[in-house]
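Novice: Heads up: the sequence shown runs through residues 6 to 619, numbered per the working numbering. A virtual CB, placed ideally from N, CA and C, is assigned to each residue, including glycine.
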Amino acid sequence: MNEKRVNLVTAVLLILLLFLLVRGLSLSISRPEPGSLPVKNIPIFPQRGLVLDSGGAPLVINAHKYFYYLDVKYFSDNLARGKVQADLFFEQVYTLFQKTRPQLEEKMRTMAFVPLGVSESAVLEIPRPAALYISIDHRDERSVLYPELVQIIGKVDSYGSGVNGLERAFDSTLASRDVGQIYYERFNNYARLGEILAVHPPVDGQNVRTSIDLTLQQILSKRLHEGVTTYGAKSATGVLIETKTGKVRALYSTSGLNEAVISVFEPGSALKPFIFASAMKYNLLDDDETFFCTGKIKPFPDLSTIINDTHVHHEIQTPDALAHSCNVATIQIALRFLEEMGDWTWYRELRLAGFGDLTGVEYPGEVKGILHNPATWNRLTGIQMSIGQGIAVTALQLTASFNIFANNGVYISPTLLEDRVNPRNERRVYPESVVKRIVAMLHKTVTSGTATGARSRLTDSAGKTGTAQKAYAGKGYVKGKYVSSFIGFFPVEDPMYTMLISLDEPQGDIYYGGDISAPIFKNVVEDYLTILETAASLKTEPIVFKSWKMPDFRGLTRKDAIDILAKLEIPPQKVRFEGEGVIISQSPAEETPIHTVDEIVLTLGRRSDSYGNP
6 MNEKRVNLVT
16 AVLLILLLFL
26 LVRGLSLSIS
36 RPEPGSLPVK
46 NIPIFPQRGL
56 VLDSGGAPLV
66 INAHKYFYYL
76 DVKYFSDNLA
86 RGKVQADLFF
96 EQVYTLFQKT
106 RPQLEEKMRT
116 MAFVPLGVSE
126 SAVLEIPRPA
136 ALYISIDHRD
146 ERSVLYPELV
156 QIIGKVDSYG
166 SGVNGLERAF
176 DSTLASRDVG
186 QIYYERFNNY
196 ARLGEILAVH
206 PPVDGQNVRT
216 SIDLTLQQIL
226 SKRLHEGVTT
236 YGAKSATGVL
246 IETKTGKVRA
256 LYSTSGLNEA
266 VISVFEPGSA
276 LKPFIFASAM
286 KYNLLDDDET
296 FFCTGKIKPF
306 PDLSTIINDT
316 HVHHEIQTPD
326 ALAHSCNVAT
336 IQIALRFLEE
346 MGDWTWYREL
356 RLAGFGDLTG
366 VEYPGEVKGI
376 LHNPATWNRL
386 TGIQMSIGQG
396 IAVTALQLTA
406 SFNIFANNGV
416 YISPTLLEDR
426 VNPRNERRVY
436 PESVVKRIVA
446 MLHKTVTSGT
456 ATGARSRLTD
466 SAGKTGTAQK
476 AYAGKGYVKG
486 KYVSSFIGFF
496 PVEDPMYTML
506 ISLDEPQGDI
516 YYGGDISAPI
526 FKNVVEDYLT
536 ILETAASLKT
546 EPIVFKSWKM
556 PDFRGLTRKD
566 AIDILAKLEI
576 PPQKVRFEGE
586 GVIISQSPAE
596 ETPIHTVDEI
606 VLTLGRRSDS
616 YGNP
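See below:
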């Protein structure tokens, strides 16, 4: 009995020992030591840098998109082997992507990867067996928040590279850099174990802050579209730059292309101030000179060419000759200048003023206009250029050159960046004494000359009209087709902005720049100054807001509201602006907890719409 008991105890001990060994092995497998597991990683995709307005508010947004595809070959091979539950698979695909079995089978005959759908989330749950046969491709999509800025900002391709506009010009700056990674330990294919080992953040692209003032851009685009509708024009283009810095605050063409930089036109009478200023610079023109205008002039007795004027001005002095855009007086001045100084001096004066050359603005595809070398000129070329014929300019180029008169005789190259990287290329073109005389004449153009339509009740402006008959290769000048423009600056005493308004091929009997472009200039000026005046009168105290409650946006400009929303970290896609002016109402109301808000609607208008007397 004792031997049997010993054997029984021994057997029990052996069984217990074996159990403990197996249990220990099991524990070592199910609970591995730290550092003993395979390391896996999750990619963190970097963002392309943002394009911002002059105040730092985003003008674009990035969105991660995940594209789902059916791998036809892998699916078909497994289907043939009987490894696919076809009914279940197609049912799951329909539930996820609303693609029917007949639709998929039709495309599977000709496509290696059948597109299933797109999701903005990477956590789309795809159950087995569908997950085995679905591939996922990640892409970034880029959206411009404001339609009127697409032609400036441009687009990116499906790989996130800039195609045109600022996206292309600053592609190397905006481009995302390195993909980030989260490294962690994994045990088998499904369960994560252990701690996160390391996080390497992605390296995003750098932001680019433009010089664009969103308020001015939207006012300009709105007024240009109105002008096209009112006058039946083919298109309209506007440029507005800050006088003392050359920063482009607004730039727009109704055609959808950035015509201000890539298209040229003859400036017509808008070029006349430059021959007046050049003649004064060389002491060849006095303010009290009198010219006699019969309505036409024959520059050279031995040539048959006759240049007509729009009116018979009779006796007219220098200031009125420019203010009333007298062709006859201008050509007499040009003849005097060319006889005394020669073609090359006139050419150099135009080049010094910025014509016939690139402005250097940060926009791909800029053209330099047309200014032929004097070696190719005939006797009439220099004279014709004095009235804006035989020379072609871009809208931006003409604006930058005309800005010389607003900027006390100094040329500054334009820029689309708030923090400019291109050189300012500052150079004096005309003496201050000459500019003062020209500005007085340009002011007279608005008060009593050809541009009274630009006269504003809110500020003094100065400028020049231009109405140029269009010319086509092989056809010459075409009757009834004009480019009508007005270019000016405001206020006269201490100019803030220089602006060009140009309408291409207006229809009807009213087509002069002073009649159709000058009023658009005035409307843009008054819209902007009204917003500034209203905002200043409504908000005299510092803006105070709390990070968890809706602020009171009423009385603020769009730009101020965007700045506050950015500080509150409210994404632009949750905000909708309606109207123009200052904010007169909002939804939801102030004090609403921000975490409960799905959409913010800010309605803009004039002060009188909500605040009583204007």
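Assuming contact is defined by CB atoms lying nearer than 8 angstroms, are C298 and A334 in contact in what I supplied?
Specialist: Yes, the pair counts as a contact, with Cβ atoms nearer than the cut-off.
Novice: Just tell me which of R53, V204, E354, K286 has its CA closest to the CA of L179.
Specialist: Per the Cα distances, R53.
Novice: Near V497, which residues of its chain fall below 6 angstroms by C-beta distance, leaving aside the five closest residues on each side in sequence?
Specialist: Result list for V497: H448, D465, A467, in chain order.
Novice: Could you tell me the distance, in whole angstroms, from the CA atom of T386 to the CA atom of T234?
Specialist: Cα-Cα distance, rounded: 36 angstroms.
Novice: Can the beta-carbon of V434 be found less than 8 angstroms from the beta-carbon of I409?
Specialist: Against a cut-off of 8 angstroms, the Cβ pair of I409 and V434 comes out as a contact.
Novice: First and last residue of the alpha helix (DSSP H) that includes H318?
Specialist: Unbroken run through H318: none, as it is neither H nor E.
Novice: Mind checking who N313 pairs with in its DSSP beta bridge?
Specialist: Paired residues: K301.
Novice: Going by DSSP, what residue range makes up the beta strand (DSSP E) through L609?
Specialist: Note, L609: beta strand (DSSP E), 605-610.
Novice: Would you mind reading off the limits of the beta strand (DSSP E) that contains Y287?
Specialist: Counting along the chain, Y287 falls outside any beta strand (DSSP E), and DSSP gives it neither H nor E.
Novice: Please go through the same chain and pick out, in chain order, the residues whose beta-carbon is closer than 7 angstroms to the beta-carbon of D183, but skip the five residues on each side of it.
Specialist: Answer for D183: P51, P207, V208, listed in chain order.
Novice: H648 by DSSP, collapsed to three states: which one?
Specialist: In the structure as shown, the chain begins at 6 and stops at 619. Residue 648 is therefore absent and cannot be evaluated.
Novice: Do V398 and G414 come within 8 angstroms of each other at the CB atom, strictly closer than that value?
Specialist: Going by C-beta atoms, G414 is not nearer than 8 angstroms to V398.
Novice: When you compare each of S461, E510, K469, Y502 to V483 by their alpha carbons, which one comes out closest?
Specialist: Comparing Cα-Cα distances from V483 to each of S461, E510, K469, Y502, the minimum goes to E510.
Novice: What residue range is occupied by the uninterrupted beta strand (DSSP E) comprising M116?
Specialist: Neither: M116 is in no beta strand (DSSP E) and is coded neither H nor E.
Novice: Compare the Cα-Cα distances from S216 to each of D293, P419, P436 and report the closest residue.
Specialist: Comparing Cα positions, the closest option is P419.
Novice: Roughly how many angstroms lie between the CA atoms of A275 and R559, to the nearest whole one?
Specialist: Those two C-alpha atoms are separated by around 41 angstroms.
Novice: Below 8 angstroms on the Cβ atoms is my guess for R106 versus F95; work out the distance and round it to an integer in Å.
Specialist: Yes, R106 and F95 are in contact; Cβ-Cβ is about 4 angstroms, under 8 angstroms.
Novice: So if DSSP puts E102 in a beta bridge, which residue, or which two residues, is it bridged to?
Specialist: Reading off the sequence shown, one finds Phe at residue 102, where the question assumed Glu. Answer is none; F102 lacks a bridge partner.
Novice: At which residue ranges does the segment 250-281 contain complete alpha helix (DSSP H) runs of 4 or more residues, listed in the order of the chain?
Specialist: Complete alpha helix (DSSP H) runs here, min 4: 264-267.
Novice: What are the residues that DSSP puts in a beta bridge with S621?
Specialist: Residue 621 falls outside the range modelled here, since the chain spans only 6 to 619, and no answer is possible.
Novice: Inspect the CB distances between the segment 257-277 and the segment 237-245 and report whether three or more fall short of 8 angstroms.
Specialist: Contact between the segment 257-277 and the segment 237-245 is present, because at least three Cβ pairs lie under 8 angstroms.
Novice: Just curious, the alpha helix (DSSP H) that S453 is in, first and last residue?
Specialist: Its alpha helix (DSSP H) spans residues 437-453.
Novice: Would you kindly work out how many angstroms separate the C-alpha atoms of V56 and D520, rounded to a whole number?
Specialist: So the alpha carbons of these two residues sit roughly 37 angstroms apart.
Novice: What does the alpha-carbon distance come out to for the pair D314 and I392?
Specialist: Answer to the nearest angstrom: the Cα atoms are 11 angstroms apart.
Novice: To the nearest angstrom, report how far apart S31 and I139 are at their CA atoms.
Specialist: Because the pLDDT of S31 is 39, which lies under 50, any placement of that residue in the model is unreliable, and the number read from its coordinates should be weighed accordingly. Looking at the two C-alpha atoms, the distance is approximately 36 angstroms.
Novice: Identify, in the order they occur along the chain, each residue of the same chain with its Cβ nearer than 8 angstroms to the Cβ of G29, setting aside the five sequence neighbours on each side.
Specialist: Because the pLDDT at G29 is just 42, under 50, the model does not fix this residue reliably, and the point stays unresolved.
Novice: Measure the C-alpha to C-alpha separation of P524 and G458 and round it to an integer number of angstroms.
Specialist: Taking the straight line joining both Cα atoms gives about 5 angstroms.
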